[in-house]
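Okay, structure first, notes after.
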Amino acid sequence: MDKRKLVVIALGGNAIKQAKEKGTVEEQFKNVEITCEQLVKMNALGYKLIITHGNGPQAGNLLIQQEEGKKLVPPMPLDIVGAMTQGQIGYMFQNTLQNFFGQKGKNIPITAVVTQVLVKKDDPDFNDPSKPVGPFYTEEEAKILEKEKGYIVKKVKPTSEKPWRRVVPSPEPFGIVESNCIQALVDARAIVVASGGGGIPVMKNSDGTLSGLEAVIDKDKAGNILAQEVNADIFLILTDVENAKINYGKPDEKALGTITVAEAEKYLEEGHFLAGSMGPKVAAAIRFVKAGGEKSIITSLSNAVDALEGRSGTIITK
Ligand code: ADP
Ligand code: MG
């Protein structure tokens, strides 16, 4: 029996592409290398690892390719684009980690799992989609896409030449279709990349079959469900800040260290964490501990190892 602690790591966008970068393959591999150096350290400290990641910039770029390439080849819908990014990013992690461990003479199985995530067809977000995806458009371009493709489009910037974007629903995830496969791989001592980009949203039809949906799932929410389903010990959310903060952006701003679930819930209710960024992270971190996890951690990539050992970051415990 493998008694090592299992960590589910949710990697933020900056682990693969920095905000200022275009997203060339060289840039992305460089970032993945920096991330994998930390993962190798965690492995050396004796943690079992499942890695999940965002896919916003990659999916955005692929959507532009669908859009621009549709005169030549059929464009792919959002669920397929999600699957494509899981393969793309999964490959970069597999390749980089295999090379790193290979150089150390370690033979560790590493694989990425294309992952479907269950959402409910009647999720309220399907009635009023709010998550912007893909390229920006002029009002005229947006209206054409609305008519011809049935896209829901919204003006997402007050002023700009191209302030319109397609918006898609961001439903609540409630199950990971491949969690048994992921668990089996972990039991076989593999490092697994799973549920990338929040997972491919699927719904269950009345006959029990699954169908993909044009939606996007928050990766921190899906990461929490995954961590629960594989009975992880620790849920580690890595982003571009060392701590979650209260009074964020105000003169009396304060970084949070080790806090209880009750304290985290109080701060969340008081509105200290912004919706769409830190809010879903803290909410997911709370849910994991409430569901029986040992602890959730929110910190930056460079602090990750210290935080796992209890020396840094925002740590939420019972
Ligand atoms: P990721 O790609 O890692 O999911 P996000 O941009 O979604 O990154 O979330 C991280 C960001 O959350 C930080 O860069 C920070 O700007 C923002 N943020 C919002 N509220 C807070 C808070 N209370 N404390 C710290 N950061 C916060
Ligand atoms: Mg985010």
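According to my numbering, the sequence shown is numbered sequentially starting from 108.
Note that beta-carbon positions come from the ideal geometry of N, C-alpha and C, so glycine has one too.
Every value quoted in this text rests on a predicted model; they were computed, and no experiment measured them.
Proximity test, residue i beta-carbon vs ligand 1 heavy atom, cut-off 8 Å
{"i": "N350", "result": "yes"}
{"i": "F200", "result": "no"}
{"i": "D359", "result": "no"}
{"i": "L345", "result": "yes"}
{"i": "Y355", "result": "yes"}
{"i": "F208", "result": "no"}
{"i": "F431", "result": "The question about residue 431 has no answer here: the residues shown for the chain are numbered 108 through 425."}
Sub-9 Å separation of residue i and residue j beta-carbons
{"i": "G130", "j": "K124", "result": "yes"}
{"i": "I404", "j": "A301", "result": "no"}
{"i": "P278", "j": "D232", "result": "yes"}
{"i": "M199", "j": "L169", "result": "no"}
{"i": "V323", "j": "G189", "result": "yes"}
{"i": "P280", "j": "D325", "result": "yes"}
{"i": "A122", "j": "L345", "result": "yes"}
{"i": "D327", "j": "A391", "result": "yes"}
{"i": "L204", "j": "L118", "result": "no"}
{"i": "V412", "j": "L152", "result": "yes"}
{"i": "G167", "j": "V263", "result": "no"}
{"i": "Y154", "j": "K110", "result": "no"}
{"i": "F208", "j": "N150", "result": "yes"}
{"i": "T245", "j": "K269", "result": "yes"}
{"i": "I393", "j": "V337", "result": "no"}
Residue i CB to nearest heavy atom of ligand 2 below 8 Å
{"i": "P387", "result": "yes"}
{"i": "G383", "result": "yes"}
{"i": "G119", "result": "yes"}
{"i": "G161", "result": "yes"}
{"i": "T328", "result": "Residue 328 is actually Lys in this sequence, not Thr. Flag unset: Cβ of K328 not near ligand 2."}
Residues near residue i in its chain [Cβ-Cβ closer than 6 Å; skip 5 each side]
{"i": "Y374", "result": "I353"}
{"i": "L343", "result": "V114, I116 and I404"}
{"i": "E349", "result": "T406, S407 and N410"}
{"i": "K261", "result": "V274"}
{"i": "G386", "result": "F380"}
{"i": "Q193", "result": "V221 and G303"}
{"i": "K228", "result": "M310"}
{"i": "G163", "result": "G120"}
{"i": "G306", "result": "T222, V224, I324 and A329"}
{"i": "Y258", "result": "L252 and R273"}
{"i": "P242", "result": "I171"}
{"i": "M97", "result": "What the structure shows of the chain is the stretch from 108 to 425, and residue 97 is not part of that stretch, so it cannot be assessed."}
{"i": "L415", "result": "none"}
Cβ-heavy atom distance, residue i to ligand 3, below 8 Å
{"i": "L333", "result": "Ligand 3 is absent from the structure shown, which contains only ligand 1 and ligand 2."}
Proximal residues to residue i (C-beta, below 8 Å), its chain only, five neighbours per side dropped
{"i": "V309", "result": "D186, Q223, V224, L225, V226, V284, L317, S318, G319 and L320"}
{"i": "A297", "result": "I215, P216, I217 and T218"}
{"i": "E360", "result": "K352, I353 and N354"}
{"i": "C143", "result": "F200, T203, L204 and F207"}
Close-in-space but distant-in-sequence residues of the same chain around residue i (CB under 7 Å, 5 per side omitted)
{"i": "E128", "result": "E134"}
{"i": "K397", "result": "V368"}
{"i": "N312", "result": "S318"}
{"i": "L363", "result": "N350, A351, K352, I353 and T421"}
{"i": "E401", "result": "D340 and I341"}
{"i": "A334", "result": "V115, F342, F395 and G400"}
Restricting to runs no shorter than 4 residues, where is the alpha helix (DSSP H) found entirely within the segment 132-163? 132-151
Which residue spans inside the segment 233-262 form an unbroken beta strand (DSSP E) run of at least 3? For the beta strand (DSSP E) assignment, the uninterrupted runs of no fewer than 3 residues enclosed by the segment 233-262 are, from N- to C-terminal side, 238-244 and 259-262.
Whole runs of the alpha helix (DSSP H) within the segment 361-386, excluding any shorter than 4 residues: Scanning the segment 361-386 for uninterrupted alpha helix (DSSP H) segments of 4 residues or longer gives 368-376, listed from N- to C-terminal end.
Hey, which unbroken runs of the alpha helix (DSSP H) at 4 residues or more fall wholly within the segment 292-346? Whole alpha helix (DSSP H) segments, 4+ residues: 326-336.
At 4 residues or longer, what runs of the alpha helix (DSSP H) sit wholly inside the segment 161-233? 163-176 and 185-210
Could I get the ranges of all uninterrupted beta strand (DSSP E) runs contained in the segment 390-423, with 3 residues as the minimum, in chain order? For the beta strand (DSSP E) assignment, the uninterrupted runs of no fewer than 3 residues enclosed by the segment 390-423 are, from N- to C-terminal side, 402-407.
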